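S.K.: For reference, the structure I am asking about is given below.
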DNA sequence: TAAAGTAGTTACCATTTAGTAACTCTATAA
DNA sequence: TTATAGAGTTACTAAATGGTAACTACTTTA
């Protein structure tokens with residue numbers, strides 16, 4: 041899809057619609073600052089490659105802040121930026137909806 | 041990603057995170073009942089194949105209702121179900137955010 | 001008589017995406 | 001002395017995805 045010539049909503053949706061993306065944001069939103077390994081363990085079935093890709097992209101568009109400390113072993117933390125925190129409300133609504141729709145339901 | 045063994049939010053996000061999906065829902069939300077061709081023209085750069093796929097999937101999970109009238113030429117309409125309308129609020133919030141972030145900005 | 005309109009479907013191909021396993025670096029713990 | 005930890009990176013492969021163009025049906029319009 042052409043990235044240019046689209047509405048603001050289309051642009052935002054293109055950014056956050058990738059697999060895992062919104063879920064990562066939700067985890068960061070509810071847990072606050074987290075290290076790479078923590079995130080990886082929380083999401084579990086995501087591969088480190090994809091997790092890195094998503095985090096770098098989210099950093100690039102100003103939704104996630106990455107802080108790096110070059111200790112050995114290195115410590116890298118991720119958190120939502122002010123802009124990223126604005127996604128909190130719609131994410132919460134989706135989570136609430138999802139619970140009402142799917143909680144206590146067998147996954148087929 | 042495994043569809044089973046995931047939280048309600050993950051399940052919902054898996055369903056609506058595909059390309060175009062949330063945008064289609066937004067268009068249906070703001071325009072009400074629409075015919076296939078209208079939808080196609082509104083979104084434009086989507087291919088008919090993918091539009092059909094998305095609509096069928098959304099129908100299957102109970103978010104979109106499809107009504108078919110076998111006139112010649114046939115008339116097919118799509119609209120959000122009651123459940124689908126529950127997505128209205130988070131979608132509106134995302135749209136609002138997107139406008140504030142990206143309105144009047146050059147797309148790079 | 002031929003084209004247009006509606007709502008798709010189908011086959012085929014190219015691209016994108018995701019997963020896997022192996023590897024990096026250095027200090028510290030066992 | 002070897003393994004482990006943390007935060008990735010890289011190459012390779014497999015799968016999913018999306019686009020394109022052609023085609024369906026039948027009636028009405030030009």
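Protein chains in written order, with my numbering: chain U, 41 to 148; chain W, 41 to 148. Just so it is clear, CB atoms sit at the ideal spot from N, CA and C, and this is done for glycine as well. Bear in mind that the values here come from a model prediction, so they are computed numbers and not experimental data.
Please report how far the alpha carbon of residue 102/W lies from the alpha carbon of residue 60/U, in whole angstroms.
M.R.: 23 Å
S.K.: Please classify residue 85/U: does DSSP put it in a helix, a strand, or coil?
M.R.: coil
S.K.: Against chain W, which members of the stretch 55-67 of chain U pass a CB distance test of less than 9 Å?
M.R.: 56, 57, 58, 59, 60, 61, 62, 63 and 66
S.K.: Considering only the beta carbon of each residue, do residue 128/U and residue 74/U sit closer than 8 Å?
M.R.: no
S.K.: Output yes or no for whether 8 Å exceeds the beta carbon distance between residue 119/W and residue 108/W.
M.R.: no
S.K.: Can you pull the chain U residues whose beta carbon is under 8 Å from the beta carbon of residue 87/W, in chain order?
M.R.: In chain order: nothing, as chain U lies at least about 10 Å away.
S.K.: Using a threshold of 8 Å, state whether the C-beta atoms of residue 88/U and residue 80/U are closer than that.
M.R.: yes
S.K.: Would you kindly work out how many angstroms separate the C-alpha atoms of residue 110/U and residue 67/U, rounded to a whole number?
M.R.: 25 Å
S.K.: Counting only beta-carbon atoms, is residue 105/W nearer than 8 Å to chain U?
M.R.: no
S.K.: Give me the DSSP bridge partner(s) of residue 74/W.
M.R.: DSSP lists 118/W as partners of residue 74/W.
S.K.: Please state whether the Cβ-Cβ distance between residue 130/U and residue 134/W is less than 8 Å.
M.R.: yes
S.K.: Any beta-carbon of chain U closer than 8 Å to the one on residue 129/W?
M.R.: When Cβ-Cβ separations below 8 Å define contact, residue 129/W makes contact with chain U.
S.K.: Can you find the residues in the same chain that come closer than 7 Å, C-beta to C-beta, to residue 140/U, ignoring five residues on each side of it along the sequence?
M.R.: none
S.K.: Any beta-carbon of chain U closer than 8 Å to the one on residue 113/W?
M.R.: no
S.K.: Excluding the 5 residues preceding and the 5 following residue 86/W in the sequence, name in chain order all residues of the same chain whose CB lies nearer than 6 Å to its CB.
M.R.: Here the set comprises 60.
S.K.: Can you grab the Cα-Cα spacing for the pair residue 20/U / residue 97/W, in whole Å?
M.R.: Any question about residue 20/U goes unanswered here, given that chain U covers just 41 to 148.
S.K.: In this structure, how does DSSP classify residue 109/U when only helix, strand and coil are distinguished?
M.R.: strand
S.K.: Can you tell me where the alpha helix (DSSP H) with residue 156/W in it begins and where it stops?
M.R.: Any property of residue 156/W remains undetermined from this structure, which presents chain W solely from 41 to 148.
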